[in-house]
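Our numbering applies: residue 23 is where the sequence shown begins, and numbers increase by one.
The C-beta atom is built at its ideal place from N, Cα and C for all residues, glycine as well.
Keep in mind the model is a prediction, meaning the values are calculated, not measured.
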Amino acid sequence: MKNKVGVWFIGASGAVATSAVVGWLALQNRLSSSVGLVSALPAFCGLDFLPYESFVLGGCDLVSPSFEGMMRQIYPEVGREFLEKLRPQLRAIEGRVQRFSSDLSRREEVEWIMRGLGNFQAQHCLDSVIVVNLASTMPNPPFLRELRTLEDLEGAIDENRPIPSSVLYCYGAFQFRFPYVNFTPSPDWEVGAIQDLAMRKKVVYAGQDGKTGETLLKSALAPLFAARNLSVLSWVGYNILGNRDGENLQHPSHRQAKVESKSSAIRSILGENTHTLVGIDYVPSLGDRKTAWDFVHFQGFLGAKMSLQFIWQGLDSLLAAPLVIDLIRFSELAYRQGIVGPLSHLASFFKSPVGCQTHHFYEQFQLLEEYARRYLKDGVGE
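Printed below as a string of structure tokens:
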């Protein structure tokens with residue numbers, strides 16, 4: 023019997039989800055090369071990934087999606103003929119995106135989430151559903167640290183405490199034993215109650231906060247300074263972007279989680295006392311084009327002070343989309359293998375990888391290569 027797996031995007035109408043959906047269909051219809059996909063590298067070609075047509079895409083958002091219109095907004099250079107070829111499939115997926123209401127109590131929200139996931143699985147006769155959080159960053163209120171057990175979380179839901187939706191979606195997915203991917207810095211796994219539920223249900227988890235641009239460079243460049251015994255005095259990064267993510271990050275409570283996530287790699291690799299500064303500003307005219315400027319002040323032999331500067335410019339969502347596709351493929355494979363818990367071998371995809379202590383990009387990538395070697399040798403990755 024062939025596997026049939028669902029993908030449920032939280033934030034399905036957003037730029038990253040749109041890019042992932044369009045990219046997925048382009049790959050499925052052989053309209054695009056696999057450039058940008060880690061899972062397409064020679065080291066991973068022997069892994070038993072399901073074909074793209076084995077997946078049914080859907081999701082939810084506060085607004086209805088218009089994948090074709092959003093894709094033109096993200097990447098105006100995209101070919102009209104290219105999108106026209108995908109139009110029937112794009113519209114079919116749009117019909118599988120549910121509108122979410124923000125006026126629900128926490129208990130009503132949980133019931134809505136679980137009803138949506140359950141109906142999606144039943145209507146499409148799915149073996150499982152990969153739930154992927156691509157929604158805007160949510161705050162991490164301090165009281166979440168008090169929720170150490172599943173019973174604590176259930177009580178807080180019934181009391182209608184301001185639990186972020188990211189926690190509730192993870193809760194809903196785990197109740198179904200569905201694999202969960204958190205591509206955002208929004209809270210979920212750090213809540214003790216979520217870990218309690220994960221242990222009870224024996225689930226697959228991958229997160230947190232996709233590493234796509236500036237932080238990717240940080241995690242690759244910082245080991246260079248450590249290996250050459252150069253003392254980094256300060257590492258300053260300034261980011262400007264104009265998409266919905268940039269607008270959302272203007273809220274201080276939302277921005278703090280992202281700033282912490284972007285700073286952790288440098289402190290982990292170069293030491294907690296390394297001075298870091300991260301700035302993020304919203305510039306609407308940039309749209310999905312993100313620019314990051316970094317200034318690295320370091321000290322070398324005989325106390326000589328020197329500096330490195332670089333500028334990273336990229337289409338934010340098109341950097342993220344292939345990683346989202348990779349994470350779906352790797353998470354689904356881990357689920358079929360019977361692996362449970364945080365997928366530490368996927369650490370290189372995240373700014374704040376759960377289940378992995380190192381932020382050193384090359385060490386993280388070695389974990390993925392070792393997983394593939396074990397899988398190809400024994401059929402077991404972890």
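| Check | Outcome |
| --- | --- |
| Who are the Cβ neighbours of residue 391 in its own chain at under 7 Å, not counting the five residues just before and after it? | 65 |
| Going by DSSP in three states, residue 31 sits in which element: helix, strand or coil? | strand |
| Going straight from the alpha carbon of residue 351 to that of residue 52, what length do you get? | 17 Å |
| Pick out whichever of 115, 171, 123 and 327 has its Cα sitting closest to the Cα of residue 146. | 115 |
| By the DSSP assignment, the alpha helix (DSSP H) with residue 312 in it spans what residues? | Counting along the chain, residue 312 falls outside any alpha helix (DSSP H), though it belongs to the beta strand (DSSP E) covering 311 to 321. |
| Figure out for me which residue from 284, 400, 224 and 177 has the closest Cα to the Cα of residue 362. | 224 |
| Near residue 376, what residues of its chain come up, given a Cβ to Cβ distance below 7 Å and the 5 sequence neighbours on each side ignored? | 211, 227, 229, 230 and 364 |
| Are the CB atoms of residue 328 and residue 336 nearer to each other than 9 Å? | no |
| Taking 9 Å as the threshold (C-beta atoms), are residue 206 and residue 261 in contact? | no |
| Indicate whether the contact test is met: 3 or more Cβ pairs, each with one atom in the stretch 154 to 173 and one in the stretch 26 to 42, closer than 8 Å. | yes |
| Alpha carbon to alpha carbon, what distance is there between residue 267 and residue 161? | 13 Å |
| Considering only heavy atoms of the ligand NAD, does any lie closer than 8 Å to the CB of residue 379? | Questions concerning the ligand NAD fall outside what the structure shown contains, since it holds no ligand whatsoever. |
| Is the beta carbon of residue 284 closer than 9 Å to that of residue 237? | yes |
| Determine whether the beta carbon atoms of residue 216 and residue 246 lie at a separation below 9 Å. | no |
| Does the stretch 85 to 96 touch the stretch 33 to 52, meaning 3 or more C-beta pairs lie closer than 8 Å? | yes |
| Is the CB-CB distance between residue 367 and residue 287 below 9 Å? | no |
| Which of the three DSSP states is assigned to residue 324 in this structure? | helix |
| On the premise that residue 348 lies in contact with residue 16, defined as a C-beta separation below 8 Å, what is that separation, rounded to the nearest angstrom? | An answer regarding residue 16 cannot be provided, because it is not within the stretch 23 to 404 covered by the chain. |
| Under the three-state reduction of DSSP, which class applies to residue 302: helix, strand or coil? | strand |
| Hey, how far is the Cα of residue 221 from the Cα of residue 171? | 11 Å |
| For residue 254, which residues of its own chain have a beta-carbon under 7 Å away from its beta-carbon, when the five flanking residues on both sides are left out? | 247, 292, 296, 318 and 320 |
| Would you identify the three-state DSSP class for residue 211, choosing helix, strand or coil? | coil |
| Looking at residue 100 and residue 94, is the spacing between their C-beta atoms short of 9 Å? | yes |
| Between which two residues does the alpha helix (DSSP H) harbouring residue 174 extend? | 172 to 180 |
| By a C-beta neighbour count over all protein chains shown, 10 Å radius and 16 as the cutoff for buried, is residue 143 buried or exposed? | buried |
| Here's the rule I'm using: 16 or more other beta-carbon atoms within 10 Å means buried, otherwise exposed. How should residue 272 be labelled? | exposed |
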